[in-house]
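**Q** Dropping a structure here in structure tokens format, bear with me for questions.
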Amino acid sequence: MKKVAATLAISALAATGAEAEDKRRPRVAPESVYNIAPGLGVFTDEVLFGDIWTRADLAPRDRSLITVAALVATGKTAQIGHHVGRALDNGVKPEEIGELITQLAFYTGWPNAMSAVTETKKIFDERKIAPVEGSDATRLELDPEAEAARRDTVQANVGPTAPALAELTNRVLFGDLWTRPDLSARDRSLVTMAALIAIGQPEQLPFHANRAMDNGLTRTEVAEVATHLGFYAGWPRAMSAVPVLERVFANRAAASGNTSADLKVIRANSTPATGSSDYFSGAVEISGHYQGQAPARIGGATVSFAAGARTAWHTHPLGQTLYIVSGRGWVQKAGESATAIGPGDVVWIPPLVKHWHGASATEPMTHFAVAEALNGVAVTWMEKVTDEHYLAEQATD
Numbered sequence: 001m002k003k004v005a006a007t008l009a010i011s012a013l014a015a016t017g018a019e020a021e022d023k024r025r026p027r028v029a030p031e032s033v034y035n036i037a038p039g040l041g042v043f044t045d046e047v048l049f050g051d052i053w054t055r056a057d058l059a060p061r062d063r064s065l066i067t068v069a070a071l072v073a074t075g076k077t078a079q080i081g082h083h084v085g086r087a088l089d090n091g092v093k094p095e096e097i098g099e100l101i102t103q104l105a106f107y108t109g110w111p112n113a114m115s116a117v118t119e120t121k122k123i124f125d126e127r128k129i130a131p132v133e134g135s136d137a138t139r140l141e142l143d144p145e146a147e148a149a150r151r152d153t154v155q156a157n158v159g160p161t162a163p164a165l166a167e168l169t170n171r172v173l174f175g176d177l178w179t180r181p182d183l184s185a186r187d188r189s190l191v192t193m194a195a196l197i198a199i200g201q202p203e204q205l206p207f208h209a210n211r212a213m214d215n216g217l218t219r220t221e222v223a224e225v226a227t228h229l230g231f232y233a234g235w236p237r238a239m240s241a242v243p244v245l246e247r248v249f250a251n252r253a254a255a256s257g258n259t260s261a262d263l264k265v266i267r268a269n270s271t272p273a274t275g276s277s278d279y280f281s282g283a284v285e286i287s288g289h290y291q292g293q294a295p296a297r298i299g300g301a302t303v304s305f306a307a308g309a310r311t312a313w314h315t316h317p318l319g320q321t322l323y324i325v326s327g328r329g330w331v332q333k334a335g336e337s338a339t340a341i342g343p344g345d346v347v348w349i350p351p352l353v354k355h356w357h358g359a360s361a362t363e364p365m366t367h368f369a370v371a372e373a374l375n376g377v378a379v380t381w382m383e384k385v386t387d388e389h390y391l392a393e394q395a396t397d
């Protein structure tokens, strides 16, 4: 009987503890989630809202901003209302929510923004929030030197192909939108970076992650954005952002003077040979990659192209030098004919010149490439060189 009584007492204490736990952490997931996908319900309550939303690496207000940004960017309208309400509870002002939607119209499209307005209005109406009026506060000031470099890059990369887009980028996107006082520069960077991760655009992250930290975000906060969005944009997109952010952090650390005076030797075969199909056509291996430490901005690698392989069109903010080690290949500036290159040749590509380079159609080619980074970015990739264009250039030789 004593054992039975003890067991009952322990059970009662356990039940009391469970009830206390339930009171401390109320369920967020609806009962229907537990009825259909109980595991999802547990992860929602215990991990997403019981752990992630309580982490101190981002303030609740920031978590609301990036969550709403991810939902707007990906068109998840059914979830927007709940998180707009949560954002208001976490201190985001109505005009800031409106400006977030405006910002993301440019980065993820007008249809997503218009749909977000419809859902947000329902919450504003429920809470009897008055119509939002534009601010007449002083416009935000952007760094003149950084803006001059950005304008030059846009004009060189976009202007020749889409002059109207280049003009709108400089005049409207950065000249008007980014200077609006309704949302701070820090928060604009925060939601823009979140949207880019959410829609799977990691190639745009270096510029905006650097801009975010220049605007006041810490390295810890930037990393936590990717962590938080693993739950709202999915693990693959969060994981794709990690190596990009890693390079940004490394470049900023080097530029800040955290350098070593020791001579460094990068041994042959010490770095894995890689070659992303996103930026190359055909079989390409990149090996011996290195990046200089601040104040140096130089970096380089050995690139080996199989016959017929080549880079996509691209530019370099501070130019590029190629030393042809072996084989035969081609280099072409946009708007001009391709030029044949061979062993011992040295090629200089000026800053912001759109070009491609690679092997000939019948013989492989290896070159050593050297370029400098500007604000952590050494290359801007564009569209691939089509087979038709590549073969046509070969035929003109």
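In the numbering used here, the protein residues as written are 1 to 397. Yeah, the Cβ is synthetic: ideal placement off N, Cα and C, and Gly gets one too. Here the structure is a predicted model, which means the values were calculated and not measured.
1) Am I right that A212 and L183 are in contact with their C-beta atoms under 8 Å? What's the rounded C-beta distance?
2) Tell me which residues share the same chain as E126 and place their Cβ nearer than 7 Å to its Cβ, disregarding the 5 neighbours each side in the sequence.
3) From V222, A198 and T218, pick the residue whose C-alpha is nearest to that of A238; which is it?
4) If you compare alpha carbons, which of K122, N170 and R27 is closest to P144?
5) Of the choices Q293, L71 and W356, whose alpha-carbon is the least far from that of E336?
6) Between the alpha carbons of L245 and P94, how many angstroms are there, rounded?
7) Expressed to the nearest angstrom, what Euclidean distance is found between the alpha-carbon atoms of V303 and R27?
8) Which residue from L104, L40, T315 and T44 puts its Cα closest to that of L65?
9) I'd like to know whether the C-beta atoms of L100 and V68 end up nearer to each other than 8 Å.
10) With 16 other CB atoms within 10 Å as the buried threshold, where does S256 fall?
11) Got a sec? Which residues, its chain only, sit under 7 Å from G308 by beta carbon, not counting five neighbours each side?
12) Just mark A194 as buried or exposed, buried being the case when its beta carbon has 16 or more other beta carbons within 10 Å.
13) Does the separation of the CB atoms of A373 and N251 fall below 8 Å?
14) Within 10 angstroms of the Cβ of D45, are there 16 or more other Cβ atoms? Answer buried if so, exposed if not.
15) Between G288, T120, I36 and N112, which has its C-alpha nearest H82's C-alpha?
16) Mapping DSSP to helix, strand and coil, what is M365?
17) Output the boundary residues of the alpha helix (DSSP H) element that contains F106.
18) Pick out the complete beta strand (DSSP E) segments inside the region 180-251, 3 residues or longer, and give them in chain order.
19) Excluding the 5 residues flanking I80 on each side, which residues of the same chain have their C-beta closer than 6 Å to its C-beta?
20) On a CA-only basis, which of P181, N112, L140 and A162 is nearest A134? Give me that one, please.
21) Please confirm if the region 371-385 is in contact with the region 144-160, defined as three or more CB-CB distances below 8 Å between the two stretches.
22) Mapping the DSSP letters down to three states, classify F305 as helix, strand or coil.
23) Which same chain residues, not among the five before or five after E393, have their C-beta less than 6 Å away from its C-beta?
**A** Inspection of the coordinates gives the following:
1) Locating residue 212 in the sequence shown gives position 212, where the first residue counts as 1. Locating residue 183 in the sequence shown gives position 183, where the first residue counts as 1. Contact flag wrong, Cβ pair sits at about 13 Å.
2) Position 126 of the sequence shown, counted from the first residue, corresponds to residue 126. Excluding residues within five positions, none has a Cβ falling inside 7 Å.
3) Position 238 of the sequence shown holds residue 238. Closest option to A238, Cα to Cα, is A198.
4) Within the sequence shown, the letter at position 144 stands for residue 144. When each option's Cα is compared against that of P144, the closest is N170.
5) Against the sequence shown, residue 336 aligns to sequence position 336. Residue W356 is the option with its Cα nearest to E336.
6) On the sequence shown, residue 245 is found 245 positions in, with the first residue counted as 1. On the sequence shown, residue 94 is found 94 positions in, with the first residue counted as 1. One alpha carbon belongs to L245, the other to P94, and they sit about 31 Å apart.
7) Here residue 303 refers to the residue found at position 303 of the sequence shown. Here residue 27 refers to the residue found at position 27 of the sequence shown. Roughly 54 Å separates the two Cα atoms.
8) Locating residue 65 in the sequence shown gives position 65, where the first residue counts as 1. Residue L104 is the option with its Cα nearest to L65.
9) As a working mapping, residue 100 is identified with position 100 in the sequence shown. As a working mapping, residue 68 is identified with position 68 in the sequence shown. Yes, they are a contact pair.
10) Along the sequence shown, one-based indexing puts residue 256 at 256. Burial call: exposed.
11) The count along the sequence shown starts at 1 and reaches residue 308 at position 308. Closer than 7 Å at Cβ, skipping near neighbours: G282, A359 and A361.
12) Numbered from its first residue, the sequence shown carries residue 194 at position 194. The residue in question, A194, is buried, as its Cβ has 16 or more Cβ neighbours within 10 Å.
13) Taking the sequence shown and counting its residues from 1, one reaches residue 373 at position 373. Taking the sequence shown and counting its residues from 1, one reaches residue 251 at position 251. The Cβ atoms of A373 and N251 sit closer than 8 Å to each other.
14) As a first step, residue 45 is located in the sequence shown; it is residue number 45 there, counting from the start. Classification of D45: buried, given that the 10 Å Cβ count is 16 or more.
15) Sequence index remark: in the sequence shown, residue 82 carries index 82 (1-based). Ranked by Cα distance from H82, the options G288, T120, I36 and N112 are led by T120.
16) Position 365 of the sequence shown, counted from the start, is the residue given in the question as residue 365. The answer is strand: DSSP assigns M365 an E or B state.
17) Here residue 106 refers to the residue found at position 106 of the sequence shown. First-last of the alpha helix (DSSP H) with F106: P94 to T108.
18) Listed in chain order, nothing qualifies, since the region 180-251 has no complete beta strand (DSSP E) run of 3 or more residues.
19) Counting from 1 along the sequence shown, the entry for residue 80 is found at position 80. Around I80: L71, A116 and E119.
20) The residue you call residue 134 lines up with position 134 of the sequence shown. Correcting the residue type first, residue 134 is Gly in the shown sequence and not Ala. With distances taken between Cα atoms, G134 lies closest to P181.
21) The region 371-385 vs the region 144-160: in contact.
22) As a working note, residue 305 is residue 305 in the sequence shown. In the structure shown, F305 adopts extended strand secondary structure according to DSSP, grouped into three states.
23) Taking the sequence shown and counting its residues from 1, the one referred to as residue 393 is at position 393. Answer for E393: A338, listed in chain order.
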